[in-house]
Each structure stands twice: as C-alpha cells, then as structure tokens.
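Only one structure is covered here, and it is reproduced in the block below.
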Amino acid sequence: MDFLPVLTSIENEMLRRYNYMAENAMSELQISETSPQIVLVIDELPAFMMNVGSTKERASRTIELLKSIVNQCRQCGITVVLSGQTVGSDVIPTAVRSSFAQRFLLKIQGMEQLKIACDGRMEEAGLVSIFYLPGQVAACSSYTRNEYVYGRVLLADVEQRQRNIGAVSADKHDLACLNWEDENYLG
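Residue numbers for the sequence shown, in the working numbering: 59 to 245.
Structural data, given as structure tokens:
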C-alpha cells in the first residue's frame, strides 16, 4: 500500500490549520466541527518503514512527511500514535523517534532497548504502572476535553446493572463519577 497520499493529505490539513491559526492570531487550534481532532495511528511502525515506497525518492519523501507531521502536529489538533515491537534507529529514524514527547514501552527486551527509546537520556526513564487498582481504566476523548481521566469499572449483579443502565440511558455525554471511597463500591 502507498502511504504517501495519506501523509500528504494530513500534512496539507495541518498546513491549512496553521494558516487559519495565523490569520486569526491563534497560538493553538480549538477542536471544532470544521477542525476535528485527527489521530494518525501507525501500528507496527517498523513494518510501515519497510514498505514506505517503491523508490528511494518516495521512501525519502514519506519519511520527511512523517517527520514534518510528528514535529508540528500538536498545536493544530492532530495526534500521532506510532507503535512497534522494536525501537532501534534501523527501523525508526532517530529524527522521528526523538520528536515524541511521550513514549510508552509496554515491554522491553533489555536496557539497550530502553536506552534507544530514551535517546540515551536514561535519567528520563522510569518504570511505572498506570493502573493500580482492579477494574481501573483510562480514557481520553473530546468529552474529557482531550485530557486523560481515570475511572474504575463497577462490578455489579444483573439487577444493579439494569438499574445503572436505566439511570444513564437518558444521559447525553456526561458521565457520573464513581465514588471510590464509598464502602458499597465494589470496584
């Protein structure tokens, strides 16, 4: 598959948004119906990089577009998510990898992989667990103002589930926050 038209289209939209922001003296684009949040997800980036183009010029242009998008996307409502099982510069160009502010390694095969992912800045590496409790979830959407929020799944019997569904079935997009401190909360 040729990814060049997709990346070109995303770059064109990004430039359109930056022009709009400049014309309206905006430092950051507000997500709206005319400028919705765009999420570019490239799963298995190493496989993507192996198939970026049939010629050296197309491969080079694809990598340049990806670098451009990754470097400039944040302010204009575009998010890029890249995933892969390896992080070396032989499969992910350093210029692309180093542009990511957040990097999550779900599993590493050694400290060398961690060092590569951190661009040699091991002081920035920290082993963490983002989920501490059973049933804990994280969500990010326009309804949470594009911020991550944490919650927990309420384990309930069938009757309680039906009451819960009935109670929230008329809700539009507002979610009720669960009270984790409540002794009746089953978590």
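Where is the CB? At the ideal position from N, CA and C, for every residue including glycine.
Quick caveat, the model's predicted, so the values are computed rather than measured.
Query: Integer Cβ distance of Met-79 from Leu-73, believed to fall under 8 Å; Result: About 11 Å; that fails the 8 Å criterion.
Query: Ile-100 (DSSP reduced to helix, strand or coil); Result: strand
Query: Straight-line Cα distance separating Glu-217 from Ile-96; Result: 39 Å
Query: Every unbroken beta strand (DSSP E) within the region 119-143, with a cutoff of 3 residues, ordered by chain; Result: 136-140
Query: Simplified DSSP assignment, three categories, for His-231; Result: Bear in mind that the predicted position of His-231 carries a pLDDT of just 45, short of 50, making it unreliable; the figure below should be weighed with that in mind. Of the three classes helix, strand and coil, the one that applies to His-231 here is coil, per DSSP.
Query: Reduced DSSP category for Asn-77 - H, G, I as helix; E, B as strand; rest coil; Result: helix
Query: Close-in-space but distant-in-sequence residues of the same chain around Leu-140 (CB under 7 Å, 5 per side omitted); Result: Ile-100 and Leu-103
Query: Between the CA atoms of Thr-113 and Val-207 - distance to the nearest angstrom; Result: 44 Å
Query: For Ile-127 and Thr-152, the rounded distance between their alpha carbons; Result: 15 Å
Query: Straight-line gap, Leu-62 to Met-169 (C-alpha atoms, nearest Å); Result: 34 Å
Query: Own chain, CB closer than 7 Å to Tyr-76, minus 5 neighbours either side, in chain order; Result: Cys-134
Query: For Gly-142, the nearest candidate out of Gln-220, Arg-132, Phe-106 and Ser-118 (CA to CA); Result: Phe-106
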